[in-house]
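Residue numbers (our numbering): 152 to 315.
The C-beta atom is built at its ideal place from N, Cα and C for all residues, glycine as well.
Small disclaimer: the values here were computed from a predicted structure and weren't measured.
Working notes, beginning with the structure itself.
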Amino acid sequence: MNGNYLRVSQEELERAIDDPSGFRDDAQDLIDEQEEADLPPEQARYLSTHQAWHAIAFLLGRADFHVDVVHGEGEIAEDEDWGYGPPRYLSAERVEAAAEALAAIDFAELADGVDPSELTEADVHPLTWDEEDALEWVGHWFAPLPAFFSAAAEKGDAIILWID
Numbered sequence: 152m153n154g155n156y157l158r159v160s161q162e163e164l165e166r167a168i169d170d171p172s173g174f175r176d177d178a179q180d181l182i183d184e185q186e187e188a189d190l191p192p193e194q195a196r197y198l199s200t201h202q203a204w205h206a207i208a209f210l211l212g213r214a215d216f217h218v219d220v221v222h223g224e225g226e227i228a229e230d231e232d233w234g235y236g237p238p239r240y241l242s243a244e245r246v247e248a249a250a251e252a253l254a255a256i257d258f259a260e261l262a263d264g265v266d267p268s269e270l271t272e273a274d275v276h277p278l279t280w281d282e283e284d285a286l287e288w289v290g291h292w293f294a295p296l297p298a299f300f301s302a303a304a305e306k307g308d309a310i311i312l313w314i315d
């Protein structure tokens with residue numbers, strides 16, 4: 152299970168909402184191009200937090216983060232499945248709010264005081280929290296999020312999110 156983010160213009164978001172299956176095909180082509188280009192997060196339109204998505208959600212939830220940057224807040228299509236459920240989105244306004252808040256987060260502070268056993272008890276995927284560097288691993292996948300969201304906010308982009 153991997154967390155995925157795709158920066159989209161307002162026009163692309165509207166197309167995704169109107170035709171999620173058709174948009175998914177175009178999105179996959181863009182994702183393939185982006186993965187091949189291996190761009191830094193401030194230039195990329197696609198980003199994955201891989202299997203760290205659930206731990207990121209746990210840590211941000213524990214910190215009462217005010218934007219759901221892991222699952223999204225708007226629904227694209229309830230009956231559409233892009234892996235493990237339907238894709239969701241954050242509007243350009245919510246992306247901007249998230250970008251500002253993410254820029255102020257230091258991952259070490261976010262993870263401070265967290266005992267990895269808390270993640271195991273909460274059944275946080277991928278259940279490898281007994282490994283010594285587990286939270287460091289999450290930090291590695293969290294690190295590109297602030298730059299990715301900031302770049303999206305600067306362009307006025309929305310973000311489509313999904314788990315696959």
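Burial state of residue i, where buried means 16 or more other Cβ atoms lie within 10 Å
i	result
PRO297	buried
TYR240	buried
LEU286	buried
Option in the options with minimal Cα separation from residue i
i	options	result
GLY307	ASP284, ALA249, PRO267, ALA273	ALA249
ALA208	TRP233, VAL220, LEU198	VAL220
GLU247	ALA309, GLU162, ASN155	ALA309
PHE216	PHE174, ARG158, ALA255	ALA255
Under the three-state DSSP convention, the category residue i falls into
i	result
LEU190	coil
ARG196	coil
LEU278	coil
HIS201	strand
GLY234	coil
PHE216	coil
Paired residues, beta bridge with residue i - DSSP
i	result
PRO309	In the sequence on display, residue 309 carries Ala and not Pro. VAL159.
GLY225	TYR240
GLY154	HIS201, ILE314
Any non-hydrogen atom of the ligand NAD closer than 7 Å to residue i Cβ
i	result
LEU278	The ligand NAD is not among the ligands present in this structure, which contains no ligands whatsoever.
Open item on the list: I want to know whether the region 195–206 touches the region 224–241 - three or more CB-CB distances under 8 Å.
Closed with: Touching, no.
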